[in-house]
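Just so you know, the sequence shown maps onto residues 2 to 392 in the working numbering.
For glycine and all other residues, C-beta sits at the position ideal for the given N, C-alpha and C.
Since the structure comes first, as structure tokens, the remarks are kept for the end.
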Amino acid sequence: MVAASTGARLVRVCLGWVVIAAVLRVAVVPAEHCPHVDATGADAAGRLALEWVAANQRETGEFLYRYDRDRGVDLGGYNVVRHAGTTMALYQFADVALLPAADRGADWLLDRLVPAGGGAAVFADGSIKVGTTALLAAGLAYRADTVDDDTSARYDTALARLVPFLVSAVQEDGSVVGEWDATSDRGVSGTESPFFTGEAMWALAMVGRTRGDVDATAAARRVLADVATERDQRQGHWPPIPDHWAAYAMAELVAAGERLTPAEVDYARRQAGAFGIQIRWESQRTNGSVNRLVRGERTYGASLATVGEGLGNLWRVARVEPRLADLAAPLAERARCGAGMLRARQATDPDAGPEVLGAWFHHGVTQVDDQQHAASALWLAVPILEVDGSS
Numbered sequence: 002m003v004a005a006s007t008g009a010r011l012v013r014v015c016l017g018w019v020v021i022a023a024v025l026r027v028a029v030v031p032a033e034h035c036p037h038v039d040a041t042g043a044d045a046a047g048r049l050a051l052e053w054v055a056a057n058q059r060e061t062g063e064f065l066y067r068y069d070r071d072r073g074v075d076l077g078g079y080n081v082v083r084h085a086g087t088t089m090a091l092y093q094f095a096d097v098a099l100l101p102a103a104d105r106g107a108d109w110l111l112d113r114l115v116p117a118g119g120g121a122a123v124f125a126d127g128s129i130k131v132g133t134t135a136l137l138a139a140g141l142a143y144r145a146d147t148v149d150d151d152t153s154a155r156y157d158t159a160l161a162r163l164v165p166f167l168v169s170a171v172q173e174d175g176s177v178v179g180e181w182d183a184t185s186d187r188g189v190s191g192t193e194s195p196f197f198t199g200e201a202m203w204a205l206a207m208v209g210r211t212r213g214d215v216d217a218t219a220a221a222r223r224v225l226a227d228v229a230t231e232r233d234q235r236q237g238h239w240p241p242i243p244d245h246w247a248a249y250a251m252a253e254l255v256a257a258g259e260r261l262t263p264a265e266v267d268y269a270r271r272q273a274g275a276f277g278i279q280i281r282w283e284s285q286r287t288n289g290s291v292n293r294l295v296r297g298e299r300t301y302g303a304s305l306a307t308v309g310e311g312l313g314n315l316w317r318v319a320r321v322e323p324r325l326a327d328l329a330a331p332l333a334e335r336a337r338c339g340a341g342m343l344r345a346r347q348a349t350d351p352d353a354g355p356e357v358l359g360a361w362f363h364h365g366v367t368q369v370d371d372q373q374h375a376a377s378a379l380w381l382a383v384p385i386l387e388v389d390g391s392s
């Protein structure tokens, strides 16, 4: 009787632990879901995203901004900074088939240049936003690096006009004004932006590397020093923002042979941890009813993709910077997971209309920056998948 009673208690204890383990797995630490993707698949998904952009571009150069799949309607609205970012992504792939769409997007912005800061900037919607000019400059830097045709001189000349303005937007302490007053030709106080800062830093770092512009590199270094030490506290960001634009800038700086300071290395390490946590969390989302209670619903395409951009660029940094070499493998693992999720969530039905095929939808709606950021994240993932596999 004693043995039977002990056995029954043991069974109950074991069953209890099984139930606890199941609850922990479902409700506390859900399993990660990282769909398989290889370099070819990631490249194809990125190109399909940009084909959506090109297929839905107007002859004037504007892009379809926001589309409701369920109602089949263009929701309208427009964001000039995202127009510049989308143009950049089209140039990023260096695909001759995408070049006409990229040039139309750039021309739309170049038609709106005004003198500013000793150079030129994009004036649209009644203001000069530094991020718009920065992303246009980054796109034109990609173009200058990969395209040499009869029209290249025009775009190279335009890029040269943008750089002095971006240098002027960087203050002595490394902070970047977010807006510029066209009348006084000065930065607008109190307009510092968490996004424009990294965009300007990246564009300057790219120009410094591709054109050997020492002033641009020096300005980018001032911004990075500030971002790594003071920016988040000054702007009141807590927790510190995971900044994929800053990751782009660091990747360009180390590619140009610039050495990161100890504070900048520490910043890169913190950023890697933040991006890694975000991908791990997103990979545990299934959109199931119980899962939503503990992990929330799956995020939209652009949000997932910016994490992928951060991981992909920090992987580039870790491959060059010995003090971050230990992060290369975990960054590659997280970037592979992000790329797999992006590819799995993309609309790929060949019978879908041009407003649907290649896009990422959230509650039936897609926005052009979903495709922009996803294409860039997948582009960055391709060399990771080629080097480190796709398992």
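Going by C-alpha distance, which of Tyr156, Thr192, Ile242, Asp327 is nearest Thr307? Counting from 1 along the sequence shown, the entry for residue 307 is found at position 306. The residue with the shortest Cα to Cα distance from Thr307 is Ile242.
DSSP state of His34, grouped into three classes? Counting from 1 along the sequence shown, the entry for residue 34 is found at position 33. His34 falls in the coil class under three-state DSSP.
For the candidate residues Leu332, Leu51, Leu163, Gly302, whose alpha-carbon lies nearest to that of Val97? Position 96 of the sequence shown, counted from the first residue, corresponds to residue 97. Of Leu332, Leu51, Leu163, Gly302, the residue nearest in Cα terms is Leu51.
Proximity of Gly277 and Pro331 at Cβ, strictly below 9 angstroms: As a first step, residue 277 must be located in the sequence shown, where it is residue number 276. As a first step, residue 331 must be located in the sequence shown, where it is residue number 330. Their beta carbons are under 9 angstroms apart, which means Gly277 touches Pro331 by this criterion.
From Arg320 to Ala329, what distance separates their C-alpha atoms? The count along the sequence shown starts at 1 and reaches residue 320 at position 319. The count along the sequence shown starts at 1 and reaches residue 329 at position 328. Computed Cα separation, rounded: 6 angstroms.
Between which two residues does the beta strand (DSSP E) containing Pro116 stretch? For the purposes of this step, residue 116 is taken as residue 115 along the sequence shown, with counting starting at 1. 114 to 117 is the span of the beta strand (DSSP E), which, as asked, contains Pro116.
Comparing C-alpha positions only, which one of Gly302, Glu259, Asp112 sits nearest to Asp370? In the sequence shown, residue 370 corresponds to position 369, counting from 1. Of the listed residues, the one whose Cα sits closest to Asp370 is Gly302.
Taking Ala217 as the reference, which of Val164, Ala247, Asp174 has the closest Cα? Translated into positions along the sequence shown, residue 217 becomes position 216. The shortest C-alpha separation from Ala217 is found at Val164.
Spatial neighbours of Asp186 in its chain, beta-carbon cut-off 8 angstroms, leaving aside the 5 residues before and after: For the purposes of this step, residue 186 is identified with residue 185 of the sequence shown, where counting begins at 1. Pro116, Ala117, Gly118.
Close Cβ partners of Glu1 (< 8 angstroms) along its chain, the five nearest in sequence each way excluded: Since the first and last residues shown for the chain are 2 and 392, residue 1 lies out of range.
Is there contact here, the stretch 226 to 233 with the stretch 203 to 215, by at least three beta-carbon pairs under 8 angstroms? no
Opening and closing residue of the alpha helix (DSSP H) in which Ala256 lies: Indexing the sequence shown from 1 puts residue 256 at position 255. First-last of the alpha helix (DSSP H) with Ala256: 245 to 256.
Which ranges does the alpha helix (DSSP H) cover as unbroken runs of at least 4 residues, wholly within the stretch 294 to 324, from first to last along the chain? 302 to 321
DSSP three-state assignment for Phe166, whether helix, strand or coil: Residue 166 sits at position 165 when you count from the first residue of the sequence shown. It is helical.
Mapping the DSSP letters down to three states, classify Val366 as helix, strand or coil. On the sequence shown, position 365 is the one that residue 366 refers to. DSSP places Val366 in strand when its eight states are reduced to three.
Our contact map puts Ala345 next to Ile385 with C-beta atoms below 8 angstroms; I'd like the distance itself, whole angstroms only. The residue labelled residue 345 in the question sits at position 344 within the sequence shown. The residue labelled residue 385 in the question sits at position 384 within the sequence shown. That belief does not hold up - the Cβ atoms of Ala345 and Ile385 are roughly 17 angstroms apart, past 8 angstroms.
Could you tell me the distance, in whole angstroms, from the CA atom of Ala382 to the CA atom of Asp182? Start at 1 with the first residue of the sequence shown, and residue 382 comes out as number 381. Start at 1 with the first residue of the sequence shown, and residue 182 comes out as number 181. Approximately 39 angstroms between the Cα atoms of the pair.
Whole runs of the beta strand (DSSP E) within the stretch 327 to 378, excluding any shorter than 3 residues: 366 to 368
Distance, Cα to Cα, Thr134 vs Ala32? Locating residue 134 in the sequence shown gives position 133, counting from the first residue. Locating residue 32 in the sequence shown gives position 31, counting from the first residue. Approximately 42 angstroms, taken between the alpha carbons.
Beta-carbon spacing of Ala170, Val123 below 9 angstroms: Mapped onto the sequence shown, residue 170 falls at position 169. Mapped onto the sequence shown, residue 123 falls at position 122. Their beta carbons are not under 9 angstroms apart, which means Ala170 does not touch Val123 by this criterion.
In this structure, how does DSSP classify Ile385 when only helix, strand and coil are distinguished? As a first step, residue 385 must be located in the sequence shown, where it is residue number 384. Residue state, collapsed to three classes: helix.
Three or more C-beta pairs closer than 8 angstroms, one from the stretch 39 to 48 and one from the stretch 56 to 71: is that the case here? no
Gly188 to Arg296, Cα distance in whole Å? Indexing the sequence shown from 1 puts residue 188 at position 187. Indexing the sequence shown from 1 puts residue 296 at position 295. About 41 angstroms.
Looking at the secondary structure, which residues open and close the beta strand (DSSP E) in which Glu180 lies? Residue mapping note: residue 180 aligns to position 179 of the sequence shown, counting from 1. Element bounds for Glu180: 180 to 182.
Consult DSSP for Gly199 and reduce its assignment to one of helix, strand or coil. Start at 1 with the first residue of the sequence shown, and residue 199 comes out as number 198. Helix at Gly199.
Can you tell me whether Tyr66 is helix, strand or coil according to DSSP? Locating residue 66 in the sequence shown gives position 65, counting from the first residue. The answer is coil: DSSP assigns Tyr66 none of H, G, I, E or B.
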